[in-house]
Amino acid sequence: MSGVSIAGIQLAKDAGAAAVYATAGSPAKCEFVVREIGATAAFNYKTQDWVTGIKEATNGKGVDIIIDFIGGGGYFQKNLDVAARDAHIVQLGLLGGSKVDGADIEQLLYKRIRIQGSTLRSREIEYQGKLRDRLEEYIPHFETGDLKVVIDTVLPWEEIQKAHGLLEANSTSGKIVCTIS
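Heads up: the sequence shown begins at 1 in full-length UniProt numbering, then just goes up one per residue.
This is the structure in structure tokens:
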């Protein structure tokens with residue numbers, strides 16, 4: 001579970017979202033995101049039919065906002081399938097590839113789905129600074145414990161290759177911190 005996903009779930013709940021659903025690649029990560037982070041439910045995208053799970057959880061309505069880091073590999077179609085009428089899909093990554101072969105985009109029309117892509121890397125420095133400054137508004141929420149920073153692993157700088165290995169294996173739930181002494 002990425003740090004951005006963990007933050008997004010917490011911020012959505014803090015902003016008053018009635019329900020927040022997540023997908024993760026292992027039972028442990030699904031349990032973690034519900035128990036520790038506060039997601040309403042989480043679905044293992046490797047072993048579960050998460051489209052059906054989300055449709056059942058929302059009584060067939062679907063979800064209003066989808067934040068996706070996967071993109072290809074069938075995820076795009078599944079996002080369309082779980083999107084509610086007038087939903088927003090925000091594409092922030094392409095971990096599953098950039099191709100969406102075989103996608104049926106008819107739902108874009110009759111559900112009036114809006115899709116937006118973004119990456120912080122292409123944003124101007126001024127925008128990045130304003131975003132960072134806006135995040136300072138949440139400091140009191142961290143102080144009260146309503147929001148939390150999740151650190152998965154702390155390693156000395158000399159073990160940076162191990163840190164990369166953990167990331168490549170997608171075995172973390174939270175941030176990896178490398179210390180320099």
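A virtual CB, placed ideally from N, CA and C, is assigned to each residue, including glycine. Every value quoted in this text rests on a predicted model; they were computed, and no experiment measured them.
Item to check | V48 - DSSP class collapsed to helix/strand/coil | outcome: Residue identity differs from the one stated: residue 48 is Gln in this sequence, not Val. In the structure shown, Q48 sits in coil (DSSP, three-state: anything other than H, G, I, E or B).
Checklist entry - Which one of E168, V150, D86 and D104 has the shortest CA to CA distance from K175? => result V150
Checklist entry - Taking Cβ positions, are I67 and V90 nearer each other than 7 angstroms? => result yes
Checklist entry - Distance, Cα to Cα, R85 vs Q77? => result 15 angstroms
Checklist entry - What is the C-beta distance between T153 and L166, in whole angstroms, given that I count them as a contact (C-beta under 8 angstroms)? => result 6 angstroms
Item to check | Which residues DSSP lists as bridging P156, in chain order | outcome: T179
Checklist entry - When the Cα atoms are used, what is the spatial distance from A83 to P156? => result 43 angstroms
Checklist entry - Can you tell which of A163, E159 and K13 has the C-alpha that lies nearest to the C-alpha of residue 188? => result Look at the range of the chain in this structure, 1 to 181, and you will see that residue 188 is not part of it.
Next on the checklist: If we require 4 or more residues per run, which alpha helix (DSSP H) segments fall completely within the segment 55-94?
Outcome noted: 75-82
Next on the checklist: So, at 7 angstroms on beta carbons, what are the nonlocal neighbours of G117 in its own chain, with the 5 sequence-adjacent residues on each side left out?
Outcome noted: Q91
Checklist entry - Distance, Cα to Cα, R121 vs E136? => result 20 angstroms
Next on the checklist: I'd like the list of long-range same chain contacts for G8, defined as Cβ closer than 8 angstroms, with 5 residues on each side in sequence excluded.
Outcome noted: I67
Next on the checklist: Going by beta-carbon coordinates alone, are L95 and I115 separated by less than 7 angstroms?
Outcome noted: no
Checklist entry - Using CA coordinates, which residue listed in A163, E106 and V63 is at the minimum distance from A17? => result V63
Checklist entry - How long is the line joining the alpha carbons of K148 and E168, rounded to whole angstroms? => result 24 angstroms
Checklist entry - Ordered along the chain, which non-local residues of its own chain (more than five positions away) have a Cβ less than 6 angstroms from that of A42? => result A22, A24, C30, V33 and V34
Checklist entry - Do I37 and I6 have their C-beta atoms within less than 7 angstroms of each other? => result yes
Checklist entry - Which of helix, strand or coil does DSSP assign to I115? => result strand
Checklist entry - With which residues is T23 paired in a DSSP beta bridge? => result F43
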